[in-house]
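Heads up, the thing below is written out as structure tokens.
In full-length UniProt numbering, the protein residues as written are 1 to 447.
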């Protein structure tokens with residue numbers, strides 16, 4: 001670019017030394033005419049007899065000098081006009097160069113602003129994903145805590161069952177009557193087998209015997225306690241199955257959350273890679289900006305030097321032409337003012353257009369992202385609510401059906417057994433074991 005400026009300036013016509021000397025050192029035409037018109041006086045007082053020839057020669061010389069001076073002045077005027085046209089061309093060329101640089105700089109600035117906006121959007125996206133990840137971690141921790149609580153409840157239920165088994169362990173009672181021991185053993189063998197088939201809880205009723213009439217009351221109480229223990233064991237079994245189901249559901253939820261966490265971590269890694277790429281692009285744009293600024297400063301310095309040299313040449317060459325200088329100064333100031341106004345208007349217009357386009361693009365992107373995020377969140381909420389509602393309803397129905405199925409035969413069996421036991425104890429005439437065996441078989445068939 002500096003070579004082009006120098007070539008433009010080298011092509012501009014210059015005034016020759018002779019023309020400058022003629023402008024600076026040539027006498028005024030009026031003075032020349034006066035000095036030439038004056039005839040030389042003779043030394044002697046007598047005039048010459050013939051007609052004077054010198055005034056005619058001086059007039060012809062004066063005419064030739066006048067014509068040559070006019071030609072010189074016309075040539076200088078043409079040279080000044082050509083120089084002014086060349087100066088106007090150089091100024092126009094320089095304005096085109098500045099406009100090109102301004103356009104390039106506006107493009108670079110728009111790309112930089114776009115990169116900044118994209119980096120800001122990626123940061124916002126990363127923050128939202130990190131918030132979602134923390135929420136999922138919190139939900140996972142809550143599920144783990146709930147799982148631990150369920151495990152503790154299961155352990156407590158196991159401990160309770162073990163304690164009940166230990167409490168229901170058989171105690172040795174003193175043998176009151178050896179003759180009736182066979183009957184008591186035969187009666188409780190069936191109960192023992194029944195309890196072993198259920199939960200192996202029948203050990204609490206062997207080696208207990210009674211001889212007198214009061215033994216019938218103790219057998220009734222023992223039967224009642226036995227059926228109460230069986231009902232408690234059935235309740236504990238249903239609770240354990242329900243807790244196991246809840247434990248399975250919580251494990252499924254944990255697996256699903258783990259998969260979601262893996263997908264989110266992959267998305268975060270992808271976003272981090274994109275962010276690093278945008279950072280590299282941003283650094284490259286900054287480097288390009290620095291290089292462009294350096295070149296612009298160099299061009300400004302060259303421009304200032306060229307302008308100083310041109311102004312010095314103009315001051316040296318056109319010192320005698322004050323009117324032309326004034327005219328050139330006026331034209332230059334007017335041209336600079338118009339160029340400045342034009343450049344300011346164009347810059348303002350370009351800036352407003354770029355800002356408008358950037359804002360529209362940002363608004364469209366943000367609206368699209370907001371709609372996508374809202375759809376995703378609504379879909380996830382609907383899926384989670386439907387899944388939770390269906391799971392909760394199925395668990396409730398299963399629990400209700402199991403409780404209903406397990407309670408009805410137990411109550412019917414206990415009531416029939418108790419009635420049969422009371423009838424058998426009240427009837428002293430029947431000493432056989434058939435009623436008790438019928439009661440036990442009936443209760444076993446019902447259960």
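Ideal Cβ placement from N, Cα and C applies to all residues, glycine included.
All figures in this text were calculated on a predicted structure; none of them were measured in a lab.
Assignment of residue 150 by DSSP, reduced to helix, strand and coil, places it in the helix class.
In this structure, 113 is the residue among 87, 113, 80 with its C-alpha nearest to the C-alpha of residue 358.
It is roughly 51 Å from the alpha-carbon of residue 299 to the alpha-carbon of residue 131. The beta-carbon distance between residue 129 and residue 254, rounded to whole angstroms, is 21 Å. This is too long to meet the 8 Å contact definition. DSSP places residue 361 in the helix class (H, G or I) of the three-state scheme.
In this structure, DSSP gives residue 321 a state outside helix and strand, which the three-state scheme calls coil. Closest in alpha carbon position to residue 392, among 340, 225, 72, 245, is 245. With contacts defined by Cβ atoms closer than 8 Å, residue 147 and residue 247 form a contacting pair.
Nearest Cα to residue 160 within the set 401, 236, 80, 110: 236. Taking a cut-off of 8 Å on C-beta distances, the region 68-83 does not touch the region 275-286, as fewer than three cross pairs fall below it.
By the Cβ-count criterion, residue 87 is buried, with 16 or more other Cβ atoms from all chains shown falling within 10 Å of its own Cβ. The residue from 228, 142, 106 with its alpha-carbon nearest to that of residue 289 is 106. Burial check for residue 385: the Cβ neighbour count within 10 Å stays below 16, so the residue is exposed.
The Cβ neighbour count for residue 314, taken over all protein chains shown within 10 Å, is at least 16; the residue is labelled buried. The C-alpha of residue 141 is placed about 55 Å away from the C-alpha of residue 350.
With fewer than 16 neighbouring CB atoms inside 10 Å of its own CB, residue 77 falls in the exposed class. Pairing residue 403 with residue 241 gives a Cβ-Cβ distance that is not under 8 Å. With a cutoff of 8 Å on beta-carbon distance, residue 250 and residue 143 are scored as near each other. Between the beta-carbon of residue 136 and that of residue 261 there is about 6 Å, and that keeps the pair under the 8 Å contact cut. Put simply, the region 326-345 touches the region 86-101. At least three CB pairs are less than 8 Å apart.
Rounded to whole angstroms, residue 268 and residue 361 show a C-alpha spacing of 25 Å. Under the criterion of beta carbons closer than 8 Å, residue 139 and residue 243 do not qualify as touching, at roughly 21 Å. Beta-carbon to beta-carbon, residue 122 and residue 275 are separated by about 5 Å, close enough to satisfy the 8 Å threshold. Rounded to the nearest whole angstrom, the C-alpha separation of residue 332 and residue 369 is 54 Å. Taking C-beta atoms under 8 Å as the contact rule, residue 278 and residue 118 qualify, at a distance of about 6 Å.
One Cα belongs to residue 101, the other to residue 330, and the distance between them is close to 27 Å. With contacts defined as CB atoms closer than 8 Å, residue 115 and residue 354 fail to qualify as a contacting pair. Looking at the backbone, the Cα of residue 364 and that of residue 371 are separated by about 11 Å. Setting aside the 5 residues that flank it on each side, residue 335 is surrounded in the same chain by 91, each with a C-beta closer than 7 Å to its C-beta; the list follows chain order. The closest CA to that of residue 291, considering only 108, 69, 306, is found on 108.
Considering only 317, 134, 401, the residue with the shortest C-alpha distance to residue 257 is 134. Straight-line measurement puts the Cα of residue 343 at about 9 Å from the Cα of residue 95. Under a 10 Å Cβ-count criterion, residue 373 is classified as exposed, with fewer than 16 other Cβ atoms of the shown protein chains found around its own Cβ.
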